[in-house]
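Residue numbers (my numbering): 1130 to 1309.
Reviewing the structure listed below.
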C-alpha cells in the first residue's frame, strides 16, 4: 500500500467533489477540474476528507494509488489557490510581451517566436523579461513553462537563455587564450 495514497485529502470550505463511475470533478472558487479514474480506484468522502483506496480485487493497480491521491490533492489546491511558475530571460535584446492570446518572445533569432497561450492559463509579463504563468491545472502550468524554456534554454558559457526564477545554471570556463 502506498504511503502517500493512504493520506487523506482535506477539503477546504467551498470545494465540491463529485464522483461518478470513472470520473471525478472538483469545483472550487477558482474553477472546475476533471479527472478520469481507472477502474479499481475507490474514492470516499467523509467529514470534509477524501480518501483514495483500492478495491479488493485491484491489487495490480497499487502503483496508481499514490498517483491518484496526488492528482486529486493538486486539483483541490488548484481550485482554491492557483499554481504559478516564474521564468526570467537573460540576454541582450531578449524580451516578452502578451498580445491577446499569444506570447511574443524576442530571443535573438531573426524572427519573433509566438506561442499560443493555452485555455485556462494566464500569462503576465513584468519588466519585459519576467514571465509569470498562472493557472489551476498544475500539469498545464508546468508544461507551458517548459515549452517556453525550451525555446532558448540557458547555456553554460555566458548564461544566456530562459530559466526558472531561482534556477542555478552551472557555468563553464571558456577556452583559455593561447600563450605565445
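Ideal Cβ placement from N, Cα and C applies to all residues, glycine included.
Euclidean distance between Cα positions of residue 1076 and residue 1192 | In the structure as shown, the chain begins at 1130 and stops at 1309. Residue 1076 is therefore absent and cannot be evaluated.
Are three or more beta carbon pairs between the stretch 1224 to 1233 and the stretch 1199 to 1208 nearer than 8 angstroms?
-> no
Beta-carbon proximity of residue 1265 to residue 1186, cut-off 8 angstroms | Here residue 1265 is taken as the residue at index 136 of the chain shown, counted from 1. Here residue 1186 is taken as the residue at index 57 of the chain shown, counted from 1. No, they are not a contact pair.
Which two residues bound the contiguous beta strand (DSSP E) that contains residue 1152?
-> As a first step, residue 1152 is located in the chain shown; it is residue number 23 there, counting from the start. Residues 1152 to 1157.
Can you tell which of 1203, 1177, 1133, 1149 has the C-alpha that lies nearest to the C-alpha of residue 1268?
-> In the chain shown, residue 1268 corresponds to position 139, counting from 1. The shortest C-alpha separation from residue 1268 is found at 1203.
Have a look at residue 1221 and residue 1291 and give me their C-alpha separation to the nearest angstrom.
-> Looking up residue 1221 in the chain shown gives position 92. Looking up residue 1291 in the chain shown gives position 162. If you take the alpha carbons of residue 1221 and residue 1291, they lie about 12 angstroms apart.
The alpha helix (DSSP H) with residue 1279 in it runs from where to where?
-> In the chain shown, counting from the first residue as 1, residue 1279 sits at position 150. First-last of the alpha helix (DSSP H) with residue 1279: 1267 to 1279.
Using alpha carbons as the reference points, say which of 1163, 1188, 1140, 1159 lies closest to residue 1152.
-> Along the chain shown, one-based indexing puts residue 1152 at 23. Answer by Cα proximity: 1163.
Bridge partners - residue 1139, DSSP secondary structure assignment | Counting from one through the chain shown, the residue named residue 1139 turns up at place 10. 1178, per the DSSP bridge assignment.
For residue 1160, the first and last residue of its enclosing beta strand (DSSP E) = Position 31 of the chain shown holds residue 1160. Residue 1160 -> beta strand (DSSP E) spans 1160 to 1165.
In terms of DSSP beta bridges, what is residue 1197 paired with?
-> For this step, residue 1197 is matched to residue 68 along the chain shown. None, per the DSSP bridge assignment.
Pairwise C-alpha distance: residue 1176 and residue 1252 | Against the chain shown, residue 1252 aligns to sequence position 123. Against the chain shown, residue 1176 aligns to sequence position 47. Distance between the alpha carbons of residue 1252 and residue 1176 is about 37 angstroms.
Rounded straight-line distance, which links the Cα of residue 1213 to that of residue 1234 | Stepping through the chain shown from its first residue, residue 1234 is reached at position 105. Stepping through the chain shown from its first residue, residue 1213 is reached at position 84. Answer to the nearest angstrom: the Cα atoms are 19 angstroms apart.
Return the Cβ separation of residue 1216 and residue 1293 in integer angstroms, given the expectation that the two are a contact with Cβ distance under 8 angstroms.
-> Counting from one through the chain shown, the residue named residue 1216 turns up at place 87. Counting from one through the chain shown, the residue named residue 1293 turns up at place 164. That pair is a contact at about 6 angstroms.
Roughly how many angstroms lie between the CA atoms of residue 1245 and residue 1155, to the nearest whole one?
-> For the purposes of this step, residue 1245 is identified with residue 116 of the chain shown, where counting begins at 1. For the purposes of this step, residue 1155 is identified with residue 26 of the chain shown, where counting begins at 1. Near 26 angstroms, if we compare the C-alpha coordinates of residue 1155 and residue 1245.
Using beta-carbon positions only, say whether residue 1134 and residue 1181 come within less than 8 angstroms of one another.
-> One-based indexing of the chain shown puts residue 1134 at position 5. One-based indexing of the chain shown puts residue 1181 at position 52. Against a cut-off of 8 angstroms, the Cβ pair of residue 1181 and residue 1134 comes out as a contact.
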